[in-house]
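*Asks:* Mind looking over this structure? Questions follow.
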Amino acid sequence: MMTEQTQLSRADNEPATSGTSVPTSASRKPSSAHSAAGANAVERPIERAVEPAVEIFEDAGGITVLADMPGVPREGLNVQLDGDTLVIEGEAAVLAPEGMRGLWAEINVPRYRRAFTLGRELDVARIEAGVKDGVLTLRIPKQAHAQPRRIAVSTT
Amino acid sequence: MFATVFHRPQPLLDQLAQLQQALSRPRASDATADGIRAALAGSFPPVNVGRTERSIEVYAFAPGLDAQAIDVTVERGVLRISGERRSGSKGAADGVQIYAAERWHGRFSRAVTLPEEADTGRVEAHYRDGVLRVSVGLREQARPQRVNVQ
């Protein structure tokens, strides 16, 4: 389903305990590569962003998050983990022909941002992210140790 | 230098006036909202429309579709975009718990009335990164012409 994989960047300095799908490389800056889309944003002190509509569901193996981010290419996507907060950001880059006048606009903000708090039972080191046709797909697997365990009772 | 489809320079007071309008009626607050096909705000997919000297550009923000399954038709001066979007969790196995289902799904259809000077023989549609762009050419005589002063 995920045809294009994108990188995840970690904001914390904890070493990844298992898996290698989350590289510890520095986070990408989403706006620099899209000067056309970001040209207006440069002048704004606060970058406006809309919350993307999401679909979140859980199965035995983990949690899947789908987020609608139309117009966001793979390079415009930024998924970042800060402690137990997962932030998804996307910068839309839909180019218009030169000299186009807007007649009607239902989408006015070319940026999406949303944050989620993750539970401890989730394995943040193995999060996978992909984007296809403007839909971001996140797969957050559960920790392997989240299994029932018998506690021995001792007598004194 | 290209512009983007998102930017519409608006003075602050205009924005406040628009906001007031938007609050006072449940319709899209825009100059063309009085069109008979103007839809309720929140329709899927959201649409932006722009115009250049040579074409009308319609952008439909419809992520997660199969490009082959999008219907784009032009009939009697009305551009219609329709199709179906499926839920991401639908058909998943039992035991799947859904926490959020904000993404719109189902059949959709949106219409945009084209101006008279639109050349419905020259329509192009491209789907990229979840945005459908339909470009409708304008007839020659509709374009700005320079008149030489004798």
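Chains as they are written, first to last, in our numbering: chain A, 2 to 157; chain B, 361 to 510. For every residue, glycine included, the Cβ atom is placed at its ideal position computed from N, Cα and C.
On the three-state DSSP scale, how would you describe I57(A)?
*Replies:* Here residue 57(A) is taken as the residue at index 56 of the first sequence, counted from 1. It is a strand residue.
*Asks:* Do you know how far the Cα of L474(B) is from the Cα of P405(B)?
*Replies:* Taking the first residue of the second sequence as position 1, residue 405(B) is located at position 45. Taking the first residue of the second sequence as position 1, residue 474(B) is located at position 114. Taking the straight line joining both Cα atoms gives about 18 Å.
*Asks:* Measure the alpha-carbon distance for V110(A) versus I458(B) and round it to whole angstroms.
*Replies:* On the first sequence, position 109 is the one that residue 110(A) refers to. On the second sequence, position 98 is the one that residue 458(B) refers to. Computed Cα separation, rounded: 28 Å.
*Asks:* Under the three-state reduction of DSSP, which class applies to E90(A): helix, strand or coil?
*Replies:* Residue 90(A) sits at position 89 when you count from the first residue of the first sequence. Of the three classes helix, strand and coil, the one that applies to E90(A) here is strand, per DSSP.
*Asks:* Taking E122(A) as the reference, which of T157(A), V154(A) and G63(A) has the closest Cα?
*Replies:* Your numbering for residue 122(A) matches position 121 in the first sequence. Closest option to E122(A), Cα to Cα, is G63(A).
*Asks:* Tell me which residues share the same chain as V95(A) and place their Cβ nearer than 6 Å to its Cβ, disregarding the 5 neighbours each side in the sequence.
*Replies:* Your numbering for residue 95(A) matches position 94 in the first sequence. Within the same chain, V95(A) has close Cβ partners G72.
*Asks:* Comparing the C-beta of A50(A) with each C-beta of chain B, is any distance below 8 Å?
*Replies:* Within the first sequence, numbered from 1, the residue matching residue 50(A) stands at position 49. It does not: the Cβ of A50(A) has no partner Cβ on chain B nearer than 8 Å.
*Asks:* According to a CB-to-CB cut-off of less than 9 Å, which residues of the region 53-87 of chain A neighbour chain B?
*Replies:* Of all residues in the region 53-87 of chain A, those with a C-beta nearer than 9 Å to a C-beta of chain B are P53, A54, V55, E56, I57, F58, E59, D60, A61, I64, T65, V66, L67, A68, D69, M70, P71, G72, V73, P74, R75 and G77, reading in chain order.
*Asks:* Going along chain A in order, which residues have a C-beta closer than 8 Å to the C-beta of G490(B)?
*Replies:* Looking up residue 490(B) in the second sequence gives position 130. The answer, in chain order, is D69, M70, P71, G72, V73, D134, G135 and V136.
*Asks:* Please work out which residues of its chain come closer than 6 Å, Cβ to Cβ, to T480(B), disregarding the five sequence neighbours upstream and downstream, and give them in chain order.
*Replies:* Looking up residue 480(B) in the second sequence gives position 120. Counting only Cβ-Cβ distances below 6 Å, and skipping sequence neighbours, we find V434.
*Asks:* For chain B, find out if any of its Cβ atoms is closer than 8 Å to the Cβ of R102(A); answer yes or no.
*Replies:* Stepping through the first sequence from its first residue, residue 102(A) is reached at position 101. Closer than 8 Å to some Cβ of chain B, the Cβ of R102(A) qualifies, so yes.
*Asks:* Could you tell me if V154(A) is buried or exposed, where buried requires 16 or more neighbouring beta carbons within 10 angstroms of its beta carbon?
*Replies:* By 1-based counting over the first sequence, the position of residue 154(A) is 153. Around the C-beta of V154(A), fewer than 16 other C-beta atoms lie within 10 Å, and the residue is accordingly described as exposed.
*Asks:* Is it buried or exposed, A130(A), if we count other Cβ atoms within 10 angstroms and call 16 or more buried?
*Replies:* Looking up residue 130(A) in the first sequence gives position 129. Under this definition A130(A) is a buried residue.
*Asks:* Just checking my contact of M70(A) with G103(A) at CB under 8 Å: how many whole Å lie between their CB atoms?
*Replies:* Numbered from its first residue, the first sequence carries residue 70(A) at position 69. Numbered from its first residue, the first sequence carries residue 103(A) at position 102. 21 Å between Cβ atoms; not a contact.
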